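Peer 1: Mapping of the sequence shown onto the UniProt record's numbering: residues 1 to 462, in sequence order. A virtual CB, placed ideally from N, CA and C, is assigned to each residue, including glycine. Bear in mind that the values here come from a model prediction, so they are computed numbers and not experimental data. Pasting a structure below so you can have a look.
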Amino acid sequence: MAPSNNVLASTKHRWFSVLTCWTSSVRLKPTKRSQSIRILSSAAEAAANATGSWVNGAVDTVSSAAGSALDSAGSALNSAGSAISSAAGEAASAVGDGSGSSSASVRDLRRLLTLSLAPVSQWQRLSITIIEGTHLEARPGKVSTLSRNFIANAVEKAFPAVVNIAVDSGYFASNGSGFIITKEGLIVTNAHVVARCNRYSKIQVTFADGSNYPAVIHSADPLSDIALLQIKSEEVKEWPMISIGSSSELRAGEWVCALGSPFSLQNSVSAGIISAVARHSSELGYPQKGGEYIQTDAAINAGNSGGPLINLDGEVIGINTMKVDGSVGISFAIPADTAVQVIEQLRKHKKVVRPYIGMQMINFNTRELQEIGRMFPDVKEGVIVKSVAPGSPAHKGGLLPGDVIVSFDGKKVQSTKDILTTVGYTIGRHIPVHVKRRGENNIVKLKVTTESLPPPIQQLRG
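Printed below as a string of structure tokens:
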């Protein structure tokens with residue numbers, strides 16, 4: 001879309017006004033003034049054309065890629081600046097009536113040009129906006145449609161694989177959500193959604209189109225609050241699937257959507273942003289879980305449990321799990337990267353193997369810091385070994401109560417959560433642990449082994 005003649009004329013007029021402002025500020029002979037104005041008029045026209053050529057390209061380009069428009073904006077601004085700077089030199093050389101140096105005149109003109117370019121720089125940053133009051137009309141179409149439907153597009157992509165889960169256990173009934181991750185119909189949900197299931201329980205899953213099918217528990221892990229269900233149907237050979245994205249690079253402020261069936265209201269969507277990316281379970285009152293959660297202000301209510309938290313690409317980046325009672329906009333989801341590790345073990349082994357060290361740890365507080373400061377003046381952070389289980393990897397490795405752990409597997413330790421996060425990736429190998437003991441530095445090596453598995457979900461909740 002080319003800029004209108006009115007836009008070009010207005011732009012040229014504004015450039016010319018700025019340029020002629022300089023000629024009015026110095027004393028010129030009539031012939032010199034006329035010559036200078038002709039040069040400046042030519043420069044203004046060149047600047048307007050350079051600006052207009054960018055408008056022509058940018059309006060077309062912004063519809064498909066704002067980044068490309070910004071690049072062409074920068075090139076156009078450079079062209080306009082070069083053209084006018086060159087004209088400034090010519091105009092200054094045409095001045096010279098002995099009242100001042102031409103170099104000072106050039107500096108004055110360039111200062112005015114810098115001021116005049118400020119609104120154009122703002123125009124560049126905003127892609128399409130205003131040049132000193134001159135409005136540009138963007139082409140209707142892709143840009144406005146995308147901005148209006150960016151959430152709807154993500155939801156539309158994900159919804160076919162999202163299900164409502166209804167559990168009937170006779171005297172007890174529960175409701176939750178889930179999502180399909182394999183074409184064979186394997187569903188991911190929260191373990192607490194099916195926690196009260198027994199051999200007589202019936203599980204029914206319902207899709208967005210209203211179709212419903214029976215399902216059974218494949219496996220569950222109460223500690224991580226993740227369960228897998230298997231749809232039982234011979235009618236459907238291939239089920240819709242949803243992609244699982246990565247949660248490792250999430251940032252606070254990113255848009256997310258929570259899909260599910262809050263209060264049994266199927267096919268519901270709530271949108272919000274990520275409030276925090278690594279809210280530790282101990283901050284939520286669950287120190288024994290030892291994991292981290294995504295905090296979001298997208299509404300998550302009873303019935304949303306087990307449903308997907310998706311990004312704007314329609315990928316699962318979390319499993320909706322809980323909210324703070326009585327709060328508005330404080331909800332939590334299990335990060336996708338954490339969930340994938342559990343899901344892979346459940347699919348292969350129907351159980352989760354966890355690391356075991358065999359020690360209790362506590363973080364520093366003011367009193368401990370004062371005591372430790374007497375022995376280790378340079379220690380400002382770490383964790384204290386409170387107790388060691390006999391025969392445990394920690395005991396065999398040589399850790400003792402009172403040891404101060406300052407690094408674990410080569411990583412600096414600031415709190416117990418640093419060790420809990422790292423230990424999940426260290427099963428079966430020797431880990432170097434750097435401890436401070438009785439005023440000395442020691443390197444203690446221990447081997448992380450697996451703990452006893454938790455009992456099946458029916459034994460826990462039956």
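Give every residue of the same chain whose Cβ lies closer than 7 Å to the Cβ of His280, excluding the five residues on either side of it in the sequence, and list them in chain order.
Peer 2: Counting only Cβ-Cβ distances below 7 Å, and skipping sequence neighbours, we find Glu292, Lys417.
Peer 1: Starting from the N-terminal side, write out each stretch of the beta strand (DSSP E) that is 3 residues or longer and does not extend beyond the segment 224 to 283.
Peer 2: Counting only runs of 3 or more, we get 226 to 231, 255 to 260, 268 to 280.
Peer 1: Drop a sphere of 10 angstroms on the beta-carbon of Ser327, count the other beta-carbons inside from all chains shown, and report buried for 16 or more, exposed for fewer.
Peer 2: Exposed is the call here.
Peer 1: Alpha carbons only, please: which of Val448, Asp209, Gln341, Ser392 is nearest the one belonging to Ser224?
Peer 2: Checking every option, the nearest Cα to that of Ser224 belongs to Gln341.
Peer 1: As a quick exercise: from Tyr171, Ile180, Val155, pick the residue whose alpha carbon is nearest that of Asn198.
Peer 2: Answer by Cα proximity: Tyr171.
Peer 1: Can you name the start and end residues of the alpha helix (DSSP H) that Gly176 belongs to?
Peer 2: Not the alpha helix (DSSP H): Gly176 falls in the beta strand (DSSP E), residues 173 to 180.
Peer 1: Which residue from Val193, Pro308, Val423, Gln230 puts its Cα closest to that of Pro222?
Peer 2: Nearest of Val193, Pro308, Val423, Gln230 to Pro222, Cα basis: Val193.
Peer 1: Assign Gly96 to one of three DSSP states: helix, strand, or coil.
Peer 2: Low per-residue confidence applies at Gly96: pLDDT is 48, beneath 50, and the placement is therefore not dependable, though the value from the model is reported in the following sentence. Residue state, collapsed to three classes: coil.
Peer 1: Going by the beta-carbon positions, is the gap between Ile274 and Ile294 smaller than 8 Å?
Peer 2: The answer is yes: Cβ separation under 8 Å.
Peer 1: Can you tell me where the beta strand (DSSP E) with Ile203 in it begins and where it stops?
Peer 2: Taken as a continuous stretch (DSSP letters only), the beta strand (DSSP E) holding Ile203 covers 202 to 206.
Peer 1: Who are the near neighbours of residue 471 in its chain, counting only those whose CB is closer than 7 Å to its CB and skipping five residues on each side?
Peer 2: Since the first residue shown for the chain is 1 and the last is 462, residue 471 is missing from the structure and cannot be characterised.
Peer 1: Alpha carbon to alpha carbon, how far is Thr182 from Ser331?
Peer 2: Between Thr182 and Ser331, the C-alpha separation is close to 27 Å.
Peer 1: Whose C-alpha, out of Ser270, Leu250, Ser264, is nearest the C-alpha of Val277?
Peer 2: The candidate whose alpha carbon is nearest that of Val277 is Leu250.
Peer 1: Just to check my reading of the structure: Ala154 and Leu312 have Cβ atoms closer than 8 Å, yes? What is that Cβ distance to the nearest angstrom?
Peer 2: Confirmed, Cβ separation roughly 5 Å.
Peer 1: So, at 7 Å on beta carbons, what are the nonlocal neighbours of Ala65 in its own chain, with the 5 sequence-adjacent residues on each side left out?
Peer 2: Reliability of the predicted coordinates at Ala65 is poor, the pLDDT of 49 falling under 50, and the value obtained from them is presented with this limitation in mind. No residues qualify anywhere along the chain.
Peer 1: Less than 8 Å separating the beta-carbons of Gly303 and Gly178?
Peer 2: No, the Cβ-Cβ distance between Gly303 and Gly178 is not below 8 Å.
Peer 1: Here's a check: name, in chain order, each residue in its chain whose Cβ is nearer than 8 Å to the Cβ of Gln414, leaving out the five neighbours to either side.
Peer 2: So the qualifying residues of the chain are Glu381, Gly382.
Peer 1: Residues in its own chain within less than 6 Å of Phe408 by CB, not counting five upstream and five downstream?
Peer 2: The residues are Ile419, Thr422, Val433.
Peer 1: Between which two residues does the beta strand (DSSP E) containing Val340 stretch?
Peer 2: Looking at the DSSP string, Val340 is not in any beta strand (DSSP E); the run it does join, the alpha helix (DSSP H), is 336 to 349.
Peer 1: Using DSSP with H/G/I as helix, E/B as strand and the rest coil, what is Leu446?
Peer 2: Correct three-state label for Leu446: strand.
Peer 1: So, for residue 549: in the same chain, excluding its five sequence neighbours on each side, which residues have a beta-carbon less than 6 Å away from its beta-carbon?
Peer 2: In the structure displayed, the chain extends from 1 to 462; residue 549 sits before or after that span and is not available.
Peer 1: Would DSSP call Lys396 helix, strand or coil?
Peer 2: Of the three classes helix, strand and coil, the one that applies to Lys396 here is helix, per DSSP.
Peer 1: So, are the CB atoms of Leu265 and Leu228 less than 8 Å apart?
Peer 2: Not closer than 8 Å, so no.
Peer 1: Output yes or no for whether 8 Å exceeds the beta carbon distance between Glu315 and Ser248.
Peer 2: No. Outside cutoff.
Peer 1: From what residue to what residue does the alpha helix (DSSP H) around Asp418 run?
Peer 2: Run containing Asp418: 416 to 423, per the alpha helix (DSSP H) assignment.
Peer 1: Are the CB atoms of Asn164 and Val216 within a distance shorter than 8 Å?
Peer 2: No, the Cβ-Cβ distance between Val216 and Asn164 is not below 8 Å.
Peer 1: Would you kindly check if the distance between the Cβ of Pro308 and the Cβ of Ala158 is under 8 Å?
Peer 2: Yes.
Peer 1: Taking DSSP as the reference, what is the three-state secondary structure of Phe332?
Peer 2: The answer is strand: DSSP assigns Phe332 an E or B state.
Peer 1: Please state if the CB of Gly402 and the CB of Val385 are separated by a distance shorter than 8 Å.
Peer 2: Yes.
Peer 1: Applying the 10 Å Cβ sphere with the 16-neighbour rule, what's the burial state of Arg27?
Peer 2: Any reading at Arg27 must be qualified, since the residue scores a pLDDT of 49, below 50, and its modelled position is unreliable; no value is offered.
Peer 1: Tell me the rounded alpha-carbon separation between Ile443 and Arg196.
Peer 2: So the two alpha carbons sit approximately 47 Å from each other.
Peer 1: Among the residues of its own chain, which have a CB less than 8 Å from the CB of Thr449, if the five just before and after it don't count?
Peer 2: So the qualifying residues of the chain are Pro355, Tyr356, Pro393, Ile427, Gly428.
Peer 1: If you drop the 5 nearest sequence neighbours on each side, which residues of the same chain put their C-beta closer than 6 Å to that of Ser270?
Peer 2: The residues are Ala258, Ala298, Ala299.
Peer 1: Please classify Ile151: does DSSP put it in a helix, a strand, or coil?
Peer 2: Residue state, collapsed to three classes: helix.
Peer 1: Kindly indicate which residue of Ser201, His218, Ile180 has the alpha-carbon position closest to the one of Ala208.
Peer 2: Taking only the C-alpha atoms, the option nearest Ala208 is Ile180.
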